[in-house]
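In what follows, a structure is listed as C-alpha coordinates, so that the remarks can point back to it.
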Amino acid sequence: MNSRDGHAVFLAGHGQEGLDILRTERDRGEPIDVVITDLGMPFMDGREVARQVKLDSPGTAVILLTGWGEDMRANGDTPENVDRVACKPVRVADLRTIMASVLSGTRSPANRS
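FYI, in this note's numbering the residues of the sequence shown are 86 to 198.
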(Lines of atoms letter the chains of each structure in order from A and count residues from 1; the text may use other names and numbers.)
(Lines give C-alpha, C1' and ligand atoms only; values in the text may rest on other atoms or scores of the structure.)
Protein backbone atom coordinates (compact mmCIF):
# COMPACT_ATOMS: atom_id res chain seq x y z
CA MET A 1 0.00 0.00 0.00
CA ASN A 2 1.28 3.46 -0.77
CA SER A 3 0.20 6.97 -1.51
CA ARG A 4 -1.60 5.70 -4.62
CA ASP A 5 -4.24 4.46 -2.18
CA GLY A 6 -4.76 8.03 -0.99
CA HIS A 7 -2.67 7.78 2.17
CA ALA A 8 0.33 9.85 3.16
CA VAL A 9 2.87 7.32 4.44
CA PHE A 10 5.53 8.04 7.05
CA LEU A 11 8.24 5.48 7.75
CA ALA A 12 10.02 5.13 11.07
CA GLY A 13 12.99 2.96 11.98
CA HIS A 14 11.80 2.34 15.54
CA GLY A 15 8.96 3.17 17.90
CA GLN A 16 10.31 6.42 19.31
CA GLU A 17 10.93 7.78 15.83
CA GLY A 18 7.35 6.92 14.90
CA LEU A 19 6.01 8.65 18.01
CA ASP A 20 8.08 11.72 17.19
CA ILE A 21 6.51 11.81 13.71
CA LEU A 22 3.03 11.38 15.22
CA ARG A 23 3.59 14.30 17.59
CA THR A 24 5.14 16.54 14.94
CA GLU A 25 2.25 15.98 12.55
CA ARG A 26 -0.31 16.53 15.33
CA ASP A 27 1.39 19.79 16.32
CA ARG A 28 1.31 20.89 12.65
CA GLY A 29 -2.45 20.34 12.65
CA GLU A 30 -2.15 17.21 10.50
CA PRO A 31 -3.03 14.36 12.87
CA ILE A 32 -2.19 10.84 11.75
CA ASP A 33 -5.23 8.59 11.39
CA VAL A 34 -3.56 5.16 11.65
CA VAL A 35 -0.31 3.82 13.08
CA ILE A 36 0.90 0.40 11.96
CA THR A 37 3.47 -1.05 14.32
CA ASP A 38 5.27 -4.33 14.79
CA LEU A 39 5.30 -6.06 18.16
CA GLY A 40 9.05 -6.60 18.47
CA MET A 41 11.19 -3.57 17.67
CA PRO A 42 14.33 -1.88 18.96
CA PHE A 43 14.02 0.43 21.98
CA MET A 44 10.29 -0.12 22.65
CA ASP A 45 7.83 -2.82 21.68
CA GLY A 46 4.54 -2.40 19.86
CA ARG A 47 2.50 -2.54 23.06
CA GLU A 48 4.32 0.54 24.37
CA VAL A 49 4.00 2.28 21.01
CA ALA A 50 0.23 1.64 21.09
CA ARG A 51 0.00 2.95 24.66
CA GLN A 52 1.89 6.13 23.77
CA VAL A 53 -0.14 6.66 20.58
CA LYS A 54 -3.41 6.50 22.51
CA LEU A 55 -2.08 8.86 25.21
CA ASP A 56 -0.91 11.42 22.63
CA SER A 57 -3.64 10.95 20.04
CA PRO A 58 -6.65 8.97 21.30
CA GLY A 59 -8.40 9.14 17.93
CA THR A 60 -5.52 7.48 16.08
CA ALA A 61 -6.15 3.82 15.28
CA VAL A 62 -3.36 1.34 16.00
CA ILE A 63 -2.79 -1.78 13.92
CA LEU A 64 -0.34 -4.29 15.36
CA LEU A 65 1.27 -6.20 12.48
CA THR A 66 3.10 -9.18 13.92
CA GLY A 67 4.34 -12.66 13.27
CA TRP A 68 2.81 -13.58 16.63
CA GLY A 69 -0.72 -12.74 15.47
CA GLU A 70 -1.92 -16.34 15.28
CA ASP A 71 -0.64 -17.04 18.81
CA MET A 72 -2.29 -13.86 20.07
CA ARG A 73 -5.59 -14.97 18.56
CA ALA A 74 -5.35 -18.45 20.04
CA ASN A 75 -4.64 -16.98 23.49
CA GLY A 76 -7.10 -14.09 23.24
CA ASP A 77 -4.18 -11.72 23.78
CA THR A 78 -5.11 -8.54 21.91
CA PRO A 79 -2.94 -5.88 23.56
CA GLU A 80 -4.61 -2.95 25.22
CA ASN A 81 -4.71 0.17 23.02
CA VAL A 82 -4.51 -1.91 19.82
CA ASP A 83 -7.48 -1.59 17.47
CA ARG A 84 -6.59 -4.49 15.21
CA VAL A 85 -4.04 -7.30 15.11
CA ALA A 86 -2.84 -8.38 11.68
CA CYS A 87 -0.69 -11.42 11.05
CA LYS A 88 2.53 -11.45 9.09
CA PRO A 89 2.88 -11.98 6.31
CA VAL A 90 0.00 -9.71 5.38
CA ARG A 91 -1.33 -9.43 1.86
CA VAL A 92 -1.78 -5.92 0.49
CA ALA A 93 -5.48 -6.60 -0.14
CA ASP A 94 -5.92 -7.64 3.50
CA LEU A 95 -4.08 -4.56 4.74
CA ARG A 96 -6.32 -2.37 2.59
CA THR A 97 -9.39 -4.02 4.15
CA ILE A 98 -8.02 -3.55 7.67
CA MET A 99 -7.20 0.10 6.95
CA ALA A 100 -10.71 0.72 5.60
CA SER A 101 -12.18 -0.92 8.68
CA VAL A 102 -10.23 1.09 11.25
CA LEU A 103 -10.72 4.32 9.32
CA SER A 104 -14.47 3.77 9.27
CA GLY A 105 -14.45 2.92 12.97
CA THR A 106 -15.67 -0.65 12.51
CA ARG A 107 -14.13 -3.65 14.15
CA SER A 108 -14.26 -7.35 13.45
CA PRO A 109 -16.08 -9.37 16.16
CA ALA A 110 -12.77 -10.44 17.70
CA ASN A 111 -11.26 -6.95 17.18
CA ARG A 112 -8.62 -8.35 14.86
CA SER A 113 -8.20 -9.62 11.33
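Positions of the beta carbon are idealized from the N, C-alpha and C atoms, including for glycine.
| Check | Outcome |
| --- | --- |
| Under three-state DSSP, which class holds Thr122? | strand |
| Over the uninterrupted alpha helix (DSSP H) stretch that includes Ala97, give me the two end residues. | Segment: none, Ala97 is in no alpha helix (DSSP H) and carries neither H nor E. |
| For Met126 and Glu115, I'd like the C-alpha separation in whole angstroms. | 26 Å |
| Helix, strand or coil: how does DSSP classify Ile106 here? | helix |
| Comparing the CB of Thr145 with every heavy atom of the ligand ATP, is any distance shorter than 7 Å? | As for the ligand ATP, it is missing from this structure, which has no ligand bound. |
| Around the Cβ of Val187, are there at least 16 other Cβ atoms within 10 angstroms (buried) or fewer (exposed)? | buried |
| For Arg181, does the three-state DSSP call read helix, strand or coil? | helix |
| If I measure Cβ to Cβ from Lys139 and keep anything under 6 Å in the same chain, skipping five residues before and after, which residues do I get? | Asn166 |
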